[in-house]
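*Asks:* Supplied in structure tokens, the structure appears directly below.
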């Protein structure tokens, strides 16, 4: 068993000297000449005059034309009233680097930029043209000068009141870029059959960190050639209560699009999003500029009018149009029809188009397994300055082995043992279902076992038959539900109607189950058809959703549904790829209509042998999994039981808070998030039984989980007047999309923070008097609850609004989990004995063991780590070699490039607040808290026995995150473009894993320059 794990994370060595570098810097342009501000403010009313010049457009161009420049954004305006950060320089370059924009290059670039500073019709304004000529002349006579900035400390930082490092904003870019430049000086990384040669990638002012990318590599997989590069991301992070920031090295794979579609003869680029292209020029883009070894970045977008793809101009005024470039961009049509001729080595500009999952399947696997990741990291560590050291290796914390819960999922080996375990699992589900039914009936006395009804809304006989069989299998039910005894035929199923369904019934000692089977008739499962008579696409679609919702609600009410008694429905719908456009997918409307009728929904796709779908063979597995997920919506869960005995308070319950995303409201498209809370209370009646409830903020009380989910549907109401189309990820693709200004965004967020604070205060008040661990998620919730941010939190205090931070209530503990988002969790591997491959051990991990046990008592350590076992479906060797090419016995080159890696996240568990022995509240309690015991309980909560694989998050937090499907169903059920460099698995697991969802805490403030645009 692995005893230690190592992380690719680095900080300043203990008692080490600071790491400093010298730079040349350029101030923001309003400091150059007063005439530039006059030019920009030409034609503005006095109250709309701007104190600064817009640089966003030029920043984007610099990514392409001067990729060696480090471009800084303007200081962010705080959301809440408070001091604004000091202004930084605009651009940096290392002092040892040549001037990236000498004389003529700078003149040419600035001249093109000056033309964008005025109103849209400025070209016809004589006064503006006169000002433009004067400003251009003045700039040419007095070009801005680079200023020396010496001894910039890259990792030395002040600390917050909580003792956490507080890096300066510029350190996130300067420190990572400095390490990247050092790595570039290393010899190439050797592997069997070749070597990796890295180049730097340009990074914009909003990009936190540096990236290096290898040359494109070609591998043959399934008789086709596929291309990819190795990617190294370097980022700067903090950890609660640690006074030293740390640099993370994160290895990944970037895949290239090289196979045109057979129908169009060109690459399948998404229409609604810009596509990134990396360029490698052989000569500088601008005359007189020094040659660069860095890649340049450009984007292709669809030109709707010409029905073709063109190079994005990065801004509406088109700075690039005003430049005479020394190197030519590839012709978009040639690049898209013959992508392989532009990739790899060759003469002239080289270009590679980034592949995204929306383009179809790519046969190169994602990520690296631990052994090769360790080799790559050890190579990069040669570039570390002497003053940096790797963070200490983690060692196993308390708990036996992998830190499994008391009721861990068994691993039977013999057929007899497997059969016995299946019987135990299904009986446990029936017991849990009966318990939840009694909770939902509010303790009303019942004679005999409770009766639970479910519905099957089917469209094809294949799904109907498989769904009935898998329903019985999931709950361990014998027989066919009385179908044979009642001589039920296919015709009976086909002719069933609301109020007269085919009802199958099974009686067990624990519960009586009835399955009402109805064909989803009358077009209720068909695509939505917006009414052309309704003006506006959004309004027409909203009206279609509302109409389908009303029709389905009425149809189900005719079958006796009761909104006060939540039940489950398994609904068959066609595969989402068959609905074009995607907005006509009926799942959104079906979920809303079923919820109005009191039904929780789980979907199963109609089987198809179509090459793009090809899901017929997996129907049994898909229907079985859908029933299990549906039962979990009813609250049928097995709670992992901790092994900590008296080290945790008696009757400890677990509350979890999650921010769920709502549809963007109105024409401003401002993001809205709604706080939700889930409470899991262990029940003494049986092993792993728990009452799962959600917070009903309207009623001000905790309600059963099914009722809670249905109540959230009200948050998904669509006002046809405020309905907007789904947003795109890049404004270049939708130039007509309304812009959200920074001021609007901050005002909107401030209001949501106030609402979240009031919500938290109500929830916390309801938890008084009962020992509770409140579990939160860093990336998901810190934007709306700022106290969870590393830079604000303080040990054993809590702050929910504007009031000063105060101590925790006597019965409350506060735990924060950090997942994989934003590369904030370091990559890791288990340290193997010499000569053996490094692995991926599961376990509960802690740091500084000598401090924890040196004096026989636990220390004040508050940050711990959790890893879990890989599921059986990802049984990949830790020694997988993504890079090597070998000759097999037949004399052919082979590689493992087509196998996807999978790496469990190193989840960070920070006990932000508890009551330790020296806490002033501890004497009030029977026993002081042990922070490590609380963290181990969180680790065990990830190992729910009724899940085939471990969860990314503790079970209560997972349940809170799943509420997203009822607040915004289209987000939960729709397609999602994966991070191409991620190690995460694809497919349905993503839609079921809240840790992989888009996190509000990773979003950034819109550019304030949007406010300065002329109408």
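Residue numbers (our numbering): 31 to 1045. By construction, the Cβ of each residue, glycine as well, lies at the ideal position given by its N, Cα and C atoms. The structure displayed is predicted, hence computed values, not measured ones.
Note down the Cα distance separating residue 174 from residue 302, rounded to an integer number of angstroms.
*Replies:* The straight-line gap from Cα to Cα measures roughly 39 Å.
*Asks:* Just the C-alpha distance for residue 197 and residue 776, rounded to the nearest angstrom, thanks.
*Replies:* So the alpha carbons of these two residues sit roughly 23 Å apart.
*Asks:* State the Cα-Cα distance for the pair residue 1003 and residue 971, rounded to the nearest angstrom.
*Replies:* Bear in mind that the predicted position of residue 1003 carries a pLDDT of just 36, short of 50, making it unreliable; the figure below should be weighed with that in mind. Spanning the two alpha carbons is a distance of roughly 26 Å.
*Asks:* Which same chain residues, not among the five before or five after residue 157, have their C-beta less than 8 Å away from its C-beta?
*Replies:* Once the five neighbours on either side are set aside, the close Cβ partners of residue 157 are 72.
*Asks:* What three-state label does DSSP hand residue 741 in the structure shown?
*Replies:* Reduced to three states, the DSSP call for residue 741 is helix.
*Asks:* Could you tell me the boundaries of the alpha helix (DSSP H) in which residue 276 lies?
*Replies:* Element bounds for residue 276: not the alpha helix (DSSP H) but the beta strand (DSSP E), 276–286.
*Asks:* In angstroms, rounded to a whole number, what distance separates the CA positions of residue 495 and residue 658?
*Replies:* About 17 Å.
*Asks:* Can you tell me whether residue 991 is helix, strand or coil according to DSSP?
*Replies:* Three-state result, residue 991: helix.
*Asks:* Spatial neighbours of residue 929 within its chain, please: C-beta separation below 7 Å, excluding the five flanking residues on both sides.
*Replies:* Cβ neighbours of residue 929 beyond the five flanking positions: 395, 906, 910.
*Asks:* According to DSSP, is residue 70 helix, strand or coil?
*Replies:* If DSSP states are grouped into helix, strand and coil, residue 70 belongs with the helices.
*Asks:* Could you give the distance in angstroms between the alpha-carbon of residue 79 and the alpha-carbon of residue 147?
*Replies:* Their backbone Cα atoms lie some 13 Å apart in a straight line.
*Asks:* Could you give the C-beta distance for residue 852 and residue 1026, rounded to a whole number, given that I count them as a contact under 8 Å?
*Replies:* Going by Cβ atoms, the distance from residue 852 to residue 1026 rounds to 12 Å, so no, they are not a contact pair.
*Asks:* Measure the Cβ-Cβ separation of residue 185 and residue 205 and say whether it is below 8 Å.
*Replies:* Yes, the Cβ-Cβ distance between residue 185 and residue 205 is below 8 Å.
*Asks:* Can you give me the Cβ contacts of residue 713 inside the same chain, cut-off strictly under 8 Å, excluding the 5 residues immediately before and after it?
*Replies:* Contacts found: 465, 719, 720, 721.
*Asks:* Can you give me the Cβ contacts of residue 679 inside the same chain, cut-off strictly under 7 Å, excluding the 5 residues immediately before and after it?
*Replies:* Cβ neighbours of residue 679 beyond the five flanking positions: 801.
*Asks:* Quick check: the Cα distance between residue 137 and residue 169, rounded to an integer number of angstroms?
*Replies:* Answer to the nearest angstrom: the Cα atoms are 8 Å apart.
*Asks:* Give every residue of the same chain whose Cβ lies closer than 8 Å to the Cβ of residue 607, excluding the five residues on either side of it in the sequence, and list them in chain order.
*Replies:* Excluding sequence neighbours, residue 607 sits near 642, 643.
*Asks:* Looking at the structure shown, is residue 141 part of a helix, part of a strand, or coil, going by DSSP?
*Replies:* DSSP places residue 141 in helix when its eight states are reduced to three.
*Asks:* Applying the 10 Å Cβ sphere with the 16-neighbour rule, what's the burial state of residue 485?
*Replies:* Answer is buried; the Cβ neighbour count reaches 16.
*Asks:* Would you mind sorting residue 519 into buried or exposed? The rule is 16 or more other CB atoms within 10 Å of its CB.
*Replies:* Residue 519 should be labelled exposed.
*Asks:* How long is the line joining the alpha carbons of residue 1034 and residue 850, rounded to whole angstroms?
*Replies:* One C-alpha to the other measures close to 18 Å.
*Asks:* From this set, 179, 217, 190, 216, which residue's C-alpha is nearest residue 200's C-alpha?
*Replies:* Of the candidates 179, 217, 190, 216, the one whose C-alpha sits nearest the C-alpha of residue 200 is 179.
*Asks:* Between residue 1019 and the rest of its own chain, which residues show a CB-CB distance below 6 Å, the 5 nearest in sequence each way excluded?
*Replies:* Caution applies to residue 1019, whose pLDDT of 44 falls short of 50 and renders its modelled position unreliable; the value that the coordinates give is listed next. Answer for residue 1019: no residue qualifies.
*Asks:* I'd like to know whether the C-beta atoms of residue 299 and residue 339 end up nearer to each other than 8 Å.
*Replies:* Yes, the Cβ-Cβ distance between residue 299 and residue 339 is below 8 Å.
*Asks:* Leaving out five residues on either side along the sequence, give the residues of the same chain with a beta carbon under 8 Å from the beta carbon of residue 318.
*Replies:* 132, 133, 134, 135, listed in sequence order.
*Asks:* Need the endpoints of the beta strand (DSSP E) that residue 225 sits in, please.
*Replies:* Here the beta strand (DSSP E) through residue 225 covers 224–226.
*Asks:* Taking the C-alpha atoms as reference points, what is the distance between residue 139 and residue 568?
*Replies:* Rounded to the nearest angstrom, the two C-alpha atoms are 41 Å apart.
*Asks:* Enumerate in chain order the residues of its own chain whose CB-to-CB distance from residue 67 is below 7 Å, with the five nearest sequence positions on each side excluded.
*Replies:* Only 60, 83 meet the Cβ criterion.
*Asks:* Going by Cα to Cα distance, which pick from 332, 279, 320, 360 is closest to residue 398?
*Replies:* The option with the nearest alpha carbon to residue 398 is 279.
*Asks:* Measure the C-alpha to C-alpha separation of residue 449 and residue 439 and round it to an integer number of angstroms.
*Replies:* Taking the straight line from one Cα to the other gives about 14 Å.
*Asks:* Let me confirm a value: residue 1001 is counted as buried when at least 16 other C-beta atoms fall within 10 Å, else exposed. Which label applies?
*Replies:* Only weak support is given to the placement of residue 1001: the predicted model assigns it a pLDDT of 38, under 50, and the question is left unresolved by the model.
*Asks:* So residue 980 packs on residue 973, CB below 8 Å; how close in whole Å?
*Replies:* Confirmed, about 5 Å.
*Asks:* For residue 182, does the three-state DSSP call read helix, strand or coil?
*Replies:* Reduced to three states, the DSSP call for residue 182 is strand.
*Asks:* Identify, in the order they occur along the chain, each residue of the same chain with its Cβ nearer than 8 Å to the Cβ of residue 149, setting aside the five sequence neighbours on each side.
*Replies:* Cβ neighbours of residue 149 beyond the five flanking positions: 72, 73, 155, 158, 1044.
*Asks:* If you reduce the DSSP assignment to three classes, tell me which class residue 52 lands in.
*Replies:* Residue state, collapsed to three classes: strand.
*Asks:* Three-state secondary structure (DSSP) at residue 695?
*Replies:* Note that residue 695 has pLDDT 46, beneath the 50 cutoff, so the model's placement of it is unreliable and no number is given.
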